[in-house]
Amino acid sequence: MKGIVFTEFLEMVESKFGLETLDNIIENGHLPSEGVYTSVGTYDFNEMVTLITNLSEETKIPVGDLIYAFGLYLFSGLANSHPEVIKNYNTPLGLLYCIEDHIHVHVKKLYPDAELPTFKILDKTDDKISMVYSSSRGLYRLAHGLIEKAFEHFGSTATITYDLLKEDGTEVKFDIVQNG
Ligand code: HEM
């Protein structure tokens, strides 16, 4: 998993839960990188799982809710670090429609070793989109947060529902309807 995801995660932990919680989740870790990450590095996905599990134990907030909150936080981090990737979009649905064929393609050029999910579009109209998230990492709650924030980015909101097509969250169908 890319370093930018780790640096954004640690930043979120510090700003939402404070420095002491951040220190605790790193120290209780058995983390190969000992909590030291650079945005250009690449680290084992299991390290992220350990950090999130420790944060859940520390805060008593369920892992899924923390991953969703991180998705909300991460969108702005990605958008600010790579404004060129999203500058061509002027609607949230237009952006979502292009994750698979443009946005993550661009990300793969920036970071050839990025491990990205796939999004298969099932249906799109002017105010809604249905798509299937697939990834062995099962980070559909992260996708949920990112999608929600994408609407906010354009000054809009949406009703987002999802259905687990596989129980472990590796395949999840999203139905997204723009409000108003
Ligand atoms: C990874 C979804 C937009 C860059 C991911 C992951 C998800 C995701 C769920 C986690 C990996 C996985 O599940 O297998 C989305 C959604 C987006 C979006 C729903 C739009 C709403 C963007 C944008 C950028 C970006 C705009 C960059 C400007 C990345 C990067 C990773 C990533 C760098 C990490 C890859 C790695 O760690 O190896 N994305 N993404 N994404 N995405 Fe996106």
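Taking UniProt numbering, the leading residue of the sequence shown gets 1, the next gets one more, and so forth.
Quick reminder that beta carbons are idealized off the backbone N, C-alpha and C, glycines included.
query	result
Nearest-angstrom Cβ-Cβ length linking His144 and Gly71, presumed shorter than 8 Å	6 Å
Ala79 Cβ short of 7 Å to the ligand HEM heavy atom set	yes
Endpoints, alpha helix (DSSP H) assigned at Thr50	Phe45 to Thr59
C-alpha distance - Val105 paired with Tyr89, whole-angstrom precision	15 Å
Limits of the unbroken alpha helix (DSSP H) element including Ile86	Pro83 to Ile86
Endpoints, the alpha helix (DSSP H) within which Leu96 is located	Pro92 to Tyr97
Proximity test, Ser33 beta-carbon vs the ligand HEM heavy atom, cut-off 7 Å	no
Euclidean distance between Cα positions of Ser130 and Lys60	33 Å
Of the residues Gly180, Glu148, Leu122 and Thr159, the one placed nearest residue 206, counting alpha carbons only	Because the chain here runs from 1 to 180, residue 206 falls outside it and cannot be looked at.
Sequence-distant residues of the same chain with beta carbon closer than 7 Å to residue 183, five excluded per side	With the chain covering 1 to 180 only, the question about residue 183 has no answer from this structure.
C-alpha gap between Leu51 and Glu20, whole angstroms	14 Å
Reference Arg137, options Leu74, Leu110, Lys108 and Asp44, closest by Cα	Asp44
Contiguous alpha helix (DSSP H) assignments of at least 4 residues, all confined to the segment 94-163	104-110 and 140-153
Cutoff 6 Å; reference Gly64; Cβ partners in own chain excluding five residues on either side	Arg141
beta-carbon Pro117 near the ligand HEM non-hydrogen atom, thresh 7 Å	yes
N-terminal and C-terminal residue of the alpha helix (DSSP H) that Glu20 is part of	Leu19 to Glu27
Sequence-distant residues of the same chain with beta carbon closer than 7 Å to Ser39, five excluded per side	Gly3, Ile4 and Thr7
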